[in-house]
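At position 181 of the sequence shown the residue is numbered 181 (the working numbering), and the sequence of numbers has no breaks. Even glycine gets a Cβ: it sits at the ideal position worked out from N, Cα and C. Okay, so here's the structure we're looking at.
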Amino acid sequence: MPPSGLFVSVDVDSLDLYLSLYGKGGPGEAGTGRGSEAGASAASPASTSLAALTWELGVGRFLELFDELGISATFFTVGQDLRDVRALAVAKHAASAGHHLGNHTWSHPYHLIRLPASQAREEIFGGHEAIRTAVGVAPAIFRAPGYNMAPREYAILSELGYRFDSSPMPSFPYLLVKYAVLATLAVRGRKSGSIWGNPGNFLGPRRPYVRNGLTVLPCATTPGLRLPVLGTSLSTAPEPLFRYMLSSLRAERFAAIEFHAVDLMELAGDALPAPLAAQKDLHVPLARKRDRFGRFLGELAGKMGVWRPGTD
Numbered sequence: 001m002p003p004s005g006l007f008v009s010v011d012v013d014s015l016d017l018y019l020s021l022y023g024k025g026g027p028g029e030a031g032t033g034r035g036s037e038a039g040a041s042a043a044s045p046a047s048t049s050l051a052a053l054t055w056e057l058g059v060g061r062f063l064e065l066f067d068e069l070g071i072s073a074t075f076f077t078v079g080q081d082l083r084d085v086r087a088l089a090v091a092k093h094a095a096s097a098g099h100h101l102g103n104h105t106w107s108h109p110y111h112l113i114r115l116p117a118s119q120a121r122e123e124i125f126g127g128h129e130a131i132r133t134a135v136g137v138a139p140a141i142f143r144a145p146g147y148n149m150a151p152r153e154y155a156i157l158s159e160l161g162y163r164f165d166s167s168p169m170p171s172f173p174y175l176l177v178k179y180a181v182l183a184t185l186a187v188r189g190r191k192s193g194s195i196w197g198n199p200g201n202f203l204g205p206r207r208p209y210v211r212n213g214l215t216v217l218p219c220a221t222t223p224g225l226r227l228p229v230l231g232t233s234l235s236t237a238p239e240p241l242f243r244y245m246l247s248s249l250r251a252e253r254f255a256a257i258e259f260h261a262v263d264l265m266e267l268a269g270d271a272l273p274a275p276l277a278a279q280k281d282l283h284v285p286l287a288r289k290r291d292r293f294g295r296f297l298g299e300l301a302g303k304m305g306v307w308r309p310g311t312d
């Protein structure tokens, strides 16, 4: 039976991944994740520093918000971040507070579905083992970088005993915006870390379904127009659109709301690297974002109840 309730998750994508996303460089080569092979011990000092900042500020603020709201959430974790002692400390705190750490691969390669099979498996298994080793609990749910999945990845998850996947973003408007950004960067001669991917990943069902023995939990979109309901849209939408997104989900039996750790960070207030100015929601005041997220989650959690892996 598919789950019911509000599934709240935070993708802990380190700030250097955003630099790569907009073709601004960063410690890892654009499009290849941030580093090295799964399980390797070397880490770029710059990458490590940005990972620690992402966990301490972004994740730390979400933990405070969830504690106030009484919400148990899932933090989709990039395995190699846990090599940083500061990031690891926050991850352990999240787990001890009752939150789940989901698998977001080892190094967050946007082109996961294009990797050779052995490397794709290393990415998924490496993330899995990093989390299990760090907090003593194996992840039960996976989310692919950039929402891109293929049959091979589902087969790997099934082999590893996963029960849930929350990769799909069934939103055609989101796909159009993504393609527009990629096209603009290409015209300007900059290579993005993201990929064009498979459009089919953005056109599937809105509600949970089963694939390869896994229950797939698509990220929330509005009925009809399929506008994406995630941290970026909740923080930047005009108030009438914000209220529409909230009201459109009130009648749903299940909703998977996706945030990113960066959603509770500010460009100027947190003295973030200047190239991150391309991420528009970093210009939204932190207080406004926190208020929006609190109102949205508080109302839906009160109406639907909260679900996370391990509570079914």
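Residue range 100-103 is occupied by the beta strand (DSSP E) that includes residue 100.
With a cut-off of 8 Å on Cβ pairs, the region 286-302 is in contact with the region 263-274, counting three or more such pairs. Straight through space, the alpha carbons of residue 231 and residue 11 are spaced by roughly 10 Å. Spanning the alpha carbons of residue 253 and residue 100 requires a straight line of approximately 21 Å. If you look at residue 11, you'll find it isn't in any alpha helix (DSSP H); it sits in the beta strand (DSSP E) that goes 5-12.
By the Cβ-count criterion, residue 268 is exposed, with fewer than 16 other Cβ atoms from all chains shown falling within 10 Å of its own Cβ.
Short of 8 Å from the beta carbon of residue 307, and not among the five residues preceding or following it, lie these beta carbons of its own chain, in chain order: 3, 4, 5, 6, 7, 254. According to the DSSP assignment, residue 299 belongs to the alpha helix (DSSP H) that extends over 286-304.
Shown here, residue 258 sits in a strand according to DSSP, grouped into three states. Bounds of the beta strand (DSSP E) holding residue 215 are 214-216. Straight across, the Cα-Cα distance linking residue 298 with residue 112 is about 35 Å.
Here the alpha carbons of residue 208 and residue 124 stand approximately 22 Å from one another. Within the DSSP secondary-structure output, residue 228 pairs in a beta bridge with 221. According to the DSSP assignment, residue 133 belongs to no beta strand (DSSP E) but to the alpha helix (DSSP H) extending over 117-135. When C-beta atoms of the region 90-97 are compared with those of the region 142-156, fewer than three pairs fall below 8 Å, so the two segments do not count as touching. Rounded to whole angstroms, residue 72 and residue 66 show a C-alpha spacing of 7 Å. Boundaries for residue 210: no alpha helix (DSSP H) harbours it, while the beta strand (DSSP E) harbouring it runs 209-211, taken from the DSSP string.
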